[in-house]
Amino acid sequence: MDPVIFLIQVLNGVQYGLLLFLVASGLTLIFGILGIINLAHGSFYMVGAYLAFSLTERLGSFWLALAAGVVLAVLLGMALEWLVMRFLYQRDHLYQVLLTYGLILIFEELRSLVWGDDVHGVQVPQLLDFSIPLTDTLSYQVYRLAMSAICLAIAAGMYWLIQKTRLGMMIRAGSFNRDMAQSLGIDIALLYRAVFALGVALAALAGMLAAPVSSVFPGMGNQVLIISFVVVVIGGIGSVKGAFVAAILIGLADTFGKVLVPQIAAMVVYLLMAAVLLWRPQGIFGRA
Amino acid sequence: MDRQARSLQLLLLAGLLALAAFPLVGEKFYIQFITKVMVMAMFAMSLDLLVGYTGLVSLGHALPFGLAAYALMLVTPETQAAGIWWSLAASLGIAAAASLVVGLLVLRTSGIYFIMVTLAFGQMAYYYVHDSSHLGGSDGKYIYVRPALELLGWKPFDLENSTHFYYFALALMVFVYATLRVLLASPFGRVLAGIKENEHRMRMLGFATFRYKLACFVLAGMLAGLAGWLAAAHDGLVNPEMLSWHQSGQLLMMVILGGMGTPAGPIVGAVALKALELVFQGWTKHWQLLLGAFIVLSVLFVPRGLTQLFAWRRRG
Amino acid sequence: MTINDQRTSRRRFLQGAGGLALSASPLALPFAFAQPAPLKVGLMLPYTGTYASLGNAITNAFKLYVAEKGGKLAGRDIEYVVLDDESEPAKAVDNANRIVNRDKVDVLVGTVHSGVQAGMVKVVRESGVLSIIPNAGFGAATGQLCAPNIFRTSFSNWQTIHALGKVMWEKGHKTCAWITHKYAAGEEMFGGFRQGYEKVGGKIVKDLWLPFPNVEFQALLTEIAAAKPDAVACFFAGGAAVKFVKDYDAAGLKAKIPLYGNGFLTDGTLQAQGASAQGILTTLHYADSLEIPKDKEFRLNYAKAYKLQPDVYAVQGYDAAQLLDIGLKAVKGDVKAAKAMFAAMEGVTIDSPRGKWKMSRAHNPIQDSYLRQVVGEQNKYVSVAWKALEDPAPGCRMLA
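Heads up: the protein sequence lines correspond to chains A, B and C, in order. Mapping of the first sequence onto this note's numbering: position 68 corresponds to residue 1107, and the numbering continues sequentially without gaps. Mapping of the second sequence onto this note's numbering: position 13 corresponds to residue 1249, and the numbering continues sequentially without gaps. Mapping of the third sequence onto this note's numbering: position 168 corresponds to residue 880, and the numbering continues sequentially without gaps.
This is the structure we're talking about:
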């Protein structure tokens, strides 16, 4: 393979991986700290994309839509946690799986009722709607680069939040031992609600960012959901750092798989997961 | 046998009689529908063996199911019937072999990781089939003639006839149910229950728990394979979706909804889910909303599954 | 009521409800004979997903024709039974079974996705009900699996792209790359294209496939750029076509390596594709600026009724209704006279907005393949790429 083409494919892989990280980080937080397996996580991604679609139309600006969308997603997350999720904390994983599967169906139909079943496109924001030439035949969309930059910024922000702030300390404490943290005066109920809302917002934001390049269509959450689970499991449940590394790994594996071994391209990601789990069952950065 | 268990037994018997009598009054569409429900019930029972009785939550149980279906497709000639016995052998054989290989690998993990690894293997099989043109790719492939049993020109029954197929499936379902009952009451079954309760303790007591789990996994895979063979023979179509995580997930739904680790749980779960689907589909285009709401409410208010509703007596 | 009774009554309710539903159906029969019953037309089409707009266009045009005839065909009112097949091959047989065997339609019109069509073909071959295909190019439907009761008013996959190879060669593109989704229709398109292109001397240097309905083209676009062919030929439709054309342009390839395809790449998608689609040449049995009076009339009426411009899918749906009308008129509305109805529908010449076309012996249209170019929001007619192109229908037993 031509070295320039190789680098471009690496860029493609990393770009896809960064978007996956955004979705998976929310999932790993919810999983690791709240102890909930949330199959409906892909639905939040989808909701984000549809919000981007209708809000951009309404407000006339993609960036405004992004801001408004994040706010709405946080509200949705808090409402959902209060209505349904908080009853799942002490329950067996099986029931969480079952309930959140039911939520997937509900969200899919609500989407159908509110937005209909057509495939939609979202315009790339004018500011970033151009491409820079990389080779004599290929150019790269600047928007995709911007998307990656935003994901990286968020990754950095999350690192700072979790490692360097009080809130982050409380989150980490709560994930280790809920009762102990509570007896130390931390309002666990509120903390959990905040973390869940954060998780939802991250997934929705990913959907919003991806909308201009991946279009908005029914069922778009399903594909993302499964891959996010793979990211979380490879990275280690509850580890945002792990999610980052795993997401990039998967982005690269998926991209190069499509190019080098197209017949089994789709299997590559799962082969990777099986291999990692059999070597180190708790994931790369997971706690044993 | 306490009153509750006896009432449940009577109910099951009544259900069985109703099923046996149904084709005499039912329309072809519904005969076929109930056949499919019975196949699902068998599939669900095989998963319950893993989930309810041994505590192994597999999210990849569609793998042996789908592979067995594809095996039937591969051994069925284009315009002729495959022999029942040897096509069944092929399907069950493939299901067992796949479960053995996968089991050897996944049973080294437990808990949430077990769920995820089974999912991974299921998805691998799904994508392998989905992206293979010679297996029909994403469109799947058709089986134009159902398997046939012919002994020197004598055909005791004709599976092309919906009613014959119905009774064939019913007989198999009863067979699977009975086999599982016997198995679970046997020493083998007791060990499985012990493993679910506390595997560590079982190992301390000297049991080679890994072997028991593997045996259980392979057996569950074979039973799933039986269901897969029936599904493919009945629908005449094999499609990668039969191996998807949706299929595995829906199946888990049925088992949990009906009540895990109970004899009738999987059957009730399969019937409930399929019947609700049909009913809701008749009401509105957005039937999945109703189904989803039903599932959510069930988990919140009827946590031990629908068979728990029958257990009200116990509290009195 | 005791708990005991509640349990058994719950189960009984379920059984009773089922039994009631079953017993109600024969009650309807006596009433059917009282007056000319409406004709049950089953519409099994995608109304969700990437092909939803196609399903809607076909439905709209079909209903337009019926409306033009005063709401009746051969004196019978039309009752529609609509089913969304979601373009899911896994559910195809189940869905077809439901609409044919449970809802008992008199005619089945559908569908768009070839994988779903395969399931429908299986069911209608068994049942014998009249089946009119308004889109799916699944070759075997009028080939190996052809049947007296299966008719098509659209195309076979092979037919839509066979002429493209010659067009590309004559434009000087000696090598090309091919890209499409990996599913039956994609493979049939590839076969039809390759036959035509290689026959005139063209060389396909790379063929790229991605899983249906995946639309992440980035990695493969990079591969195309690396391979540097003279041109690219592709097959995408619906939402995927919109995205591919836009992505191809955004990757800077449009200016360097010309993109070709069959008409589905640019039909019904131009508004969404905008500037990215300008100038693209495609082949199809329809174009937007045909100087055909019937077409002008059709476009006017469609736009008036639906405030949208029609596309090739609408034309096919319209012709499906025309074909049904011809068959029904021949038997004076009596669908039970199947043989006579089918005989009337064979060998007809349909006066279609696309131009007149003849029904082949395999029950597929014999039609001209037009070369079109995207100008503004239209696929403007350029020339006839291939006159009276007939699908060879390999393996069809009705040709014997």
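Cβ coordinates follow ideal geometry from the N, Cα and C atoms, glycine included. Computed from a predicted structure; not experimentally measured.
Would you please verify whether the beta carbon of residue i is less than 9 Å from any beta carbon of chain B?
i       : result
G1146/A : Residue identity differs from the one stated: residue 1146/A is Phe in this sequence, not Gly. Answer yes: the Cβ-Cβ gap between F1146/A and chain B drops below 9 Å somewhere.
D717/C  : Bear in mind that a pLDDT of 44 at D717/C, under 50, signals an unreliable position, so the model cannot answer this.
N1091/C : no
A1292/A : no
S1170/A : no
K894/C  : yes
D806/C  : yes
V1269/A : yes
F924/C  : yes
K834/C  : yes
L1316/A : yes
Taking the alpha-carbon of residue i as reference, which of the options has the nearest alpha-carbon?
i       : options                            : result
S1374/B : I916/C, D818/C, G898/C             : G898/C
A848/C  : F1010/C, D815/C, D797/C, M1110/C   : D797/C
H1401/B : T1315/B, A1456/B, A1468/B          : According to the sequence shown, residue 1401/B is Phe rather than His. F1401/B has its Cα closest to that of A1468/B, out of T1315/B, A1456/B, A1468/B.
Y972/C  : S988/C, G951/C, V944/C             : V944/C
A1185/A : F1070/A, V1252/A, L1264/A          : V1252/A
R1382/B : V1454/B, H1470/B, G1518/B, A1298/B : H1470/B
L755/C  : L785/C, E780/C, V817/C             : V817/C
L1057/A : Y1179/A, I1287/A, L1317/A          : I1287/A
C1190/A : L1248/A, E1147/A, L1206/A          : L1248/A
P1373/A : A1192/A, A1292/A, Q1180/A, W1154/A : Since the first and last residues shown for chain A are 1040 and 1327, residue 1373/A lies out of range.
G1079/A : R1125/A, A1242/A, A1195/A, V1161/A : Checking the displayed sequence, the identity of residue 1079/A turns out to be Ala instead of Gly. Nearest of R1125/A, A1242/A, A1195/A, V1161/A to A1079/A, Cα basis: A1242/A.
Helix, strand or coil for residue i per DSSP?
i       : result
K816/C  : coil
P1423/B : helix
S1374/B : helix
E800/C  : coil
P923/C  : strand
K1297/A : helix
C1452/B : helix
H1522/B : coil
T1345/B : coil
Y1289/B : helix
S735/C  : Legend: pLDDT at S735/C = 45, less than 50; position of this residue unreliable, no value from coordinates given.
K661/C  : Residue 661/C lies beyond the stretch modelled for chain C, which goes from 713 to 1112, so this question has no answer here.
V1261/B : helix
P1300/B : helix
Using a C-beta cutoff of 9 Å, does residue i count as contacting chain A?
i       : result
D1367/B : yes
F1357/B : yes
E928/C  : yes
M1276/B : no
I1531/B : yes
I1431/B : no
W870/C  : no
G964/C  : yes
S765/C  : yes
Does the CB of residue i have a neighbour CB from chain C at under 9 Å?
i       : result
G1296/B : no
M1197/A : no
T1095/A : no
F1301/B : no
Y1380/B : yes
Just curious, the alpha helix (DSSP H) that residue i is in, first and last residue?
i       : result
K1041/C : 1024–1042
D1284/B : 1264–1284
F863/C  : No alpha helix (DSSP H) contains F863/C, which is instead part of the beta strand (DSSP E) from 862–864.
G1274/A : 1259–1274
P1042/A : 1042–1068
N772/C  : 764–780
D1394/B : Counting along the chain, D1394/B falls outside any alpha helix (DSSP H), and DSSP gives it neither H nor E.
How far does the beta strand (DSSP E) with residue i in it extend, from its first residue to its last?
i       : result
I1062/C : 1061–1064
K1068/C : 1067–1071
L1387/B : From DSSP, L1387/B is part of no beta strand (DSSP E); its letter is neither H nor E.
Which residues of chain F have a Cβ atom closer than 7 Å to the Cβ of residue i, listed in chain order?
i       : result
N1475/B : No chain F is part of this structure, whose protein chains are labelled A, B and C.
As an exercise, report each continuous alpha helix (DSSP H) stretch of at least 4 residues that is fully enclosed by the stretch 893–968 of chain C, in chain order.
896–911, 930–939, 950–962, 965–968
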